[in-house]
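A.B. asks:
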Amino acid sequence: MPDIALYFVLDAARTEVRSLLKVRRNGAHDRPLKLDGDELTPLEVRVDGQPLTPDQWAMEGGALIIPLGGEEHEVETLVGLAPQSNSKLMGLYASGGLLCTQCEAEGFRRITFFPDRPDVLSRYSVRLEADKRLYPVLLANGDPVEKGDLPDGRHWARWNDPYPKPCYLFALVAGNLACNADSFTTQSGRNVQLGIWVKEADLPRTAHAMQALKNSMAWDERVYGREYDLDVFNIVAVADFNFGAMENKGLNIFNSRYILADPDTATDLDYDGVEGVVAHEYFHNWSGNRVTCRDWFQLSLKEGFTVFRDQNFSADMGSAAVKRIEDVRVLRAAQFQEDSGPLAHPVRPESYMEISNFYTATIYNKGAELIRMMALMLGPERFRAGTDLYFERHDGEAATCEDFVRAMEEGGGIDLAQFRRWYEQAGTPHVRALLTHDAASGTAELTLEQHMAPTPGQPGKLPMAIPLRVALFDRDSGKSRGDELLMLTQARQSFTFDDFATPPILSINRGFSAPVIIETDRSQADLAFLSGHDDDPFARYEAMQQLMVNVLVGRVGGQMVDDAAVIAAIRDTITDPLLDSAFIAEAVRLPSEAYIGDQLAQVDPDAIHATRDALQYRIGAELESLWRAIHGKTQANAFSLSPAAKGARKLRNMALLYLNASGADDGAAIAFGQFSDADNMTERQAALATLANGTSAEREAALDIFYNRYRDDALTLDKWFQTQAFAFHPDTVDLVEELGRHPDFTLSNPNRVRSLYGAFAGNQWAFHHRSGKGYRMVADCIIALDKINPQTAARLVPPLGRWRRFDEERAAMMRAELQRILSQPGLSRDVTEQASKSLD
Ligand code: PHE
Ligand code: ZN
1 MPDIALYFVL
11 DAARTEVRSL
21 LKVRRNGAHD
31 RPLKLDGDEL
41 TPLEVRVDGQ
51 PLTPDQWAME
61 GGALIIPLGG
71 EEHEVETLVG
81 LAPQSNSKLM
91 GLYASGGLLC
101 TQCEAEGFRR
111 ITFFPDRPDV
121 LSRYSVRLEA
131 DKRLYPVLLA
141 NGDPVEKGDL
151 PDGRHWARWN
161 DPYPKPCYLF
171 ALVAGNLACN
181 ADSFTTQSGR
191 NVQLGIWVKE
201 ADLPRTAHAM
211 QALKNSMAWD
221 ERVYGREYDL
231 DVFNIVAVAD
241 FNFGAMENKG
251 LNIFNSRYIL
261 ADPDTATDLD
271 YDGVEGVVAH
281 EYFHNWSGNR
291 VTCRDWFQLS
301 LKEGFTVFRD
311 QNFSADMGSA
321 AVKRIEDVRV
331 LRAAQFQEDS
341 GPLAHPVRPE
351 SYMEISNFYT
361 ATIYNKGAEL
371 IRMMALMLGP
381 ERFRAGTDLY
391 FERHDGEAAT
401 CEDFVRAMEE
411 GGGIDLAQFR
421 RWYEQAGTPH
431 VRALLTHDAA
441 SGTAELTLEQ
451 HMAPTPGQPG
461 KLPMAIPLRV
471 ALFDRDSGKS
481 RGDELLMLTQ
491 ARQSFTFDDF
501 ATPPILSINR
511 GFSAPVIIET
521 DRSQADLAFL
531 SGHDDDPFAR
541 YEAMQQLMVN
551 VLVGRVGGQM
561 VDDAAVIAAI
571 RDTITDPLLD
581 SAFIAEAVRL
591 PSEAYIGDQL
601 AQVDPDAIHA
611 TRDALQYRIG
621 AELESLWRAI
631 HGKTQANAFS
641 LSPAAKGARK
651 LRNMALLYLN
661 ASGADDGAAI
671 AFGQFSDADN
681 MTERQAALAT
691 LANGTSAERE
701 AALDIFYNRY
711 RDDALTLDKW
721 FQTQAFAFHP
731 DTVDLVEELG
741 RHPDFTLSNP
751 NRVRSLYGAF
761 AGNQWAFHHR
771 SGKGYRMVAD
781 CIIALDKINP
791 QTAARLVPPL
801 GRWRRFDEER
811 AAMMRAELQR
821 ILSQPGLSRD
831 VTEQASKSLD
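The letter at position 748 of the sequence shown is residue 748 when you use the UniProt record's numbering, and the numbering goes up by one with no holes.
1) Between the C-alpha atoms of A689 and L230, what's the straight-line distance to the nearest angstrom?
2) Measure from the alpha carbon of G801 to the alpha carbon of each residue in S642, A501 and L839, then state which is nearest.
3) Can you tell me the Cβ-Cβ gap for A407 and Q450, rounded? I've got them flagged as a contact below 8 angstroms.
4) Contact between the segment 193-210 and the segment 105-118: three or more CB pairs below 8 angstroms?
5) In this structure, does DSSP put F419 in helix, strand or coil?
6) Could I get the ranges of all uninterrupted alpha helix (DSSP H) runs contained in the segment 572-603, with 4 residues as the minimum, in chain order?
7) Rounded to a whole number of angstroms, what is the C-alpha to C-alpha distance between E424 and T792?
8) Along the beta strand (DSSP E) that carries W156, what are the first and last residues, could you check?
9) Using 8 angstroms for Cβ pairs, my map puts F283 next to D220. What's the rounded Cβ distance?
10) Suppose the cutoff is 6 angstroms on Cβ atoms and the five residues either side in sequence are ignored; what does the same chain contact list for S351 look like?
11) Excluding the 5 residues preceding and the 5 following I259 in the sequence, name in chain order all residues of the same chain whose CB lies nearer than 6 angstroms to its CB.
12) For the ligand ZN, is there any heavy atom lying closer than 7 angstroms to the beta carbon of E303?
13) Taking only three categories from DSSP, how would you classify C293?
14) Just tell me which of S480, R649 and A105 has its CA closest to the CA of L506.
15) For M777 and D606, I'd like the C-alpha separation in whole angstroms.
16) Just to confirm the assignment, what range does the beta strand (DSSP E) spanning G195 have?
17) For the beta strand (DSSP E) that contains S340, what are its first and last residues?
18) Tell me which residue opens and which closes the beta strand (DSSP E) that R469 is part of.
19) Using the rule of at least 16 other Cβ atoms within 10 Å of the residue's Cβ for burial, across every protein chain shown, is P83 buried or exposed?
20) Can you check whether the CB of P51 is closer than 8 angstroms to the CB of E44?
21) Tell me the DSSP bridge mates of K147?
22) Just to confirm, does F495 get its C-beta within under 7 angstroms of one of the non-hydrogen atoms of the ligand PHE?
23) Assess, as a yes-or-no matter, whether the segment 361-378 is touched by the segment 295-309 under the definition of 3 or more beta carbon pairs within less than 8 angstroms.
24) On the DSSP bridge list, what partners appear for N252?
25) Starting from the N-terminal side, write out each stretch of the alpha helix (DSSP H) that is 4 residues or longer and does not extend beyond the segment 771-836.
26) Pick helix, strand or coil for F500, following the three-state DSSP scheme.
27) Within 10 angstroms of the Cβ of R752, are there 16 or more other Cβ atoms? Answer buried if so, exposed if not.
28) Check whether the Cβ of T292 sits closer than 7 angstroms to any heavy atom of the ligand ZN, and report yes or no.
29) Hey, would you say V75 sits closer than 8 angstroms to I66, going by beta carbons?
30) How far does the alpha helix (DSSP H) with A543 in it reach, from first residue to last?
31) Decide if the segment 486-504 is in contact with the segment 425-440; the criterion is three or more beta carbon pairs, one per stretch, under 8 angstroms apart.
32) Apart from the five residues just before and just after L81, which ones in its own chain have a Cβ nearer than 6 angstroms to its Cβ?
33) Among the candidates L6, D666, F419 and D534, whose CA atom is the shortest distance from the CA of L579?
34) Could you tell me the distance, in whole angstroms, from the CA atom of K837 to the CA atom of S755?
35) Measure the alpha-carbon distance for A576 versus A644 and round it to whole angstroms.
36) Is the segment 381-401 touching the segment 313-325 in the sense that three or more CB pairs, one from each, lie closer than 8 angstroms?
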């Protein structure tokens, strides 16, 4: 399909799409032309200008089949669409008065008949026509070429995209939009017009996204030598969107939560999310668009690489140490859980029922870790040589993960034969590390053993190639001998280190160099040493976490474990004048309830909650005066997004949390004070969250004030729902049930659904309420939402699929809900796949 021309006559109730395809027979065969379609009816079919009669074509499972005689033809089809009633948010749909599209992965077939697969690359010419008052702005991919007015208050615009692309990158937007316009000059001197299109009232909230875009464009030139390739780059924010954002060529479409930000409504985390997602979608222009995927099994080719790129960009824009800590926390929370459950799959999957279910933490975040390991093994120069070769060799092509690995091997000069198993084998490797010391010879020996549990369809596993950054600290001097990269390639392997008079202290998987679970028998004293002295910030954070995990896991298991080492380490950390605030806030944060559960053979949500709460109380009470002092430090300067200002807010919020946990009489009053006085959402929401955990009168007051202030601002009202769904409150399960009936709750907006039920299902203590009420509520939501938006419904299923990790009573209730979901007539493929795999 070398060329496609599309003619849209746009209207929310009824849109007409005429498509003209230049079709060329691909190889020597006599099969008919098959054009994918989903919920489409052909109104006209023509071949070389001649209308076909209905007996000259056929429908087969939504697809249009046309027997063709020659080698080349022009095929024309006409279909009618009803964007207004498209609640799946795939294809052409209406959102808040706009018309927009979402095609990845298989949405283009809901717009017109086409071979909807990513290895069919075509040049697009698109003409849009619409009512000029309702839709004054008409956007599509590529460059604008012509526009004009028509009678009856109508107008049109034509866009041409000179770069051949797969149809999943097609996009159009029509609506009444205002533009934050700017420009960027590329390294070769090309001037690019940048536009961020939003509702007029949202214009003041687009500055951060614009800055992030310009920074991304400069960063990709500097770090990868990649320059933008069209005269315009447009971004549109929409309120109803199934995922985060979409990298359509020259016309990125975003969930508005990743564009709009101002101090009054966005937290620092939101600001970082905007920066990271703007960068991610922009980076796809090379890793995804110029080089795309041959088929959807290769999804991580573009997603893993692009996540790696956006992670490094954000690290360069702010604190690299804190960014790594945050990224690892996300990986462990989302991807390690996926890898250890019924939905585990390789980074390059071998089968799927519904591709939308494979936009997972494994494809994205573990995929990024694979690229990170290759970059580590190669070093910056050779890694760059590898990516240069990859882009040069595959520009304009639909490539595979294997193509990427081969470019790394040839461009970087490395053998990745065994490393390829990372793409094939699902599951998280466990590495047991044992350090022994021989006083007579003065040598230390590190023995590493790796092991991977079976995953669905993969009963046995082969050893992986695992790059581990390691350092040994001399016990007497307190100094490390320096960082070394060890390659663990066998099931069991030993490494020897000379010249240690006394047993050294092991720092391993520094920087989280490999996405594995490390098991060591390091003492609390050694962990405490590392938490105060390790010169790798991630390892230092990790030592602190492990100290806490040892106490928590021991106590949940009924052991009396002393918490003195934890409290001393936290005291040392918060009083260390050399540490920056953001790092301190990360280091002193208790591991989540879910993470504690992951360390146990069976999750006991009530015991975990009580144990964690008790340790939080101890840390609060023992160090109360320090928390009070940290919280009392006022910020002299006006709101700023500097790393120092963000770090100060993060630490201040942590201090507020511990101060409240300490049981201090004035805790709620101090939190309410912060809530009322804050000039930014970071402090306001943190105060609200702290109050929401308790049962004070201030809790209700703050929630009411927040609601009344933001009830008309959907993105901020989401925070009101989310904060309550996340709350450590004994009644959360009932409160969430009530919130599901709130007039502002709706199933038609994915952000709202995620902020209530998505957040609730991530609140281990509340979701796993022994009554089973939490399971029933989430299942009810899945069943109701499946009829409206199956993609978003399917994303709520995995928490129910973790039943194997719980006691028999809870497991039985979870299974029963999965069965109830599966028994619904007309259940979508999306939810069917997730629920049936979850029961296996
Ligand atoms: N490709 C998008 C991204 O990662 C994600 C996405 C997938 C968006 C499917 C919409 C639909 O940037
Ligand atoms: Zn992406």
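Heads up, the beta-carbon is just placed ideally off N, CA and C, and yes, glycines get one too. Please read these numbers as outputs of a predicted model, since none were measured by experiment.
C.D. replies: Judging by the given coordinates:
1) One C-alpha to the other measures close to 45 angstroms.
2) Taking each of S642, A501 and L839 in turn and checking the Cα distance to G801, the smallest one comes out for L839.
3) No, A407 and Q450 are not in contact; Cβ-Cβ is about 27 angstroms, not under 8 angstroms.
4) No, they do not touch.
5) F419 falls in the coil class under three-state DSSP.
6) If we require 4 residues or more, the alpha helix (DSSP H) runs fully inside the segment 572-603 come out as 581-587 and 593-598.
7) Roughly 27 angstroms separates the two Cα atoms.
8) Unbroken beta strand (DSSP E) run through W156: R154 to K165.
9) About 6 angstroms separates the two Cβ atoms, so the contact holds.
10) So the list is empty, once near-sequence residues are dropped.
11) Excluding its 5 nearest sequence neighbours in each direction, I259 has C-beta neighbours in its own chain below 6 angstroms: A209 and A237, listed in chain order.
12) Yes, since a heavy atom of the ligand ZN falls inside the 7 angstroms radius drawn around the Cβ of E303.
13) Three-state result, C293: strand.
14) Nearest of S480, R649 and A105 to L506, Cα basis: S480.
15) When the Cα atoms are used, M777 and D606 turn out to be separated by approximately 19 angstroms.
16) In the DSSP annotation of this structure, the continuous segment of the beta strand (DSSP E) that includes G195 starts and ends at N191 to V198.
17) In the DSSP assignment, S340 falls outside any beta strand (DSSP E) and carries neither an H nor an E.
18) Looking at the DSSP string, the run of the beta strand (DSSP E) that includes R469 is I466 to F473.
19) Counting of Cβ neighbours within 10 angstroms places P83 among the buried residues, the total reaching 16 or more.
20) In this structure, P51 lies closer than 8 angstroms to E44 by Cβ.
21) Here K147 is bridged, per DSSP, to A157.
22) F495 Cβ: outside cutoff for every heavy atom of the ligand PHE.
23) Yes, the segment 295-309 is in contact with the segment 361-378.
24) According to DSSP, N252 bridges with I235.
25) The qualifying runs are 773-786, 790-794 and 808-822.
26) Taken through DSSP and simplified to helix, strand or coil, F500 comes out as coil.
27) The residue is buried, with at least 16 neighbouring Cβ atoms inside 10 Å.
28) When distances are taken from the beta-carbon of T292 to the heavy atoms of the ligand ZN, even the shortest one reaches 7 angstroms or more.
29) Contact: yes.
30) Unbroken alpha helix (DSSP H) run through A543: P537 to V556.
31) Contact between the segment 486-504 and the segment 425-440 is present: 3 or more CB-CB pairs across the two stretches fall below 8 angstroms.
32) Excluding five sequence positions before and after L81, the CB atoms of its chain that fall closer than 6 angstroms to its own CB belong to T15 and L92, given in chain order.
33) Ranking the options by Cα distance to L579, first place goes to D534.
34) As the crow flies, the alpha-carbon of K837 is around 25 angstroms from that of S755.
35) The question names Ala, but residue 576 is Asp in the sequence shown. The straight-line gap from Cα to Cα measures roughly 16 angstroms.
36) Using a Cβ-Cβ distance cut-off of 8 angstroms, the segment 313-325 and the segment 381-401 are not in contact, since fewer than three pairs of beta carbons, one from each stretch, lie closer than that value.
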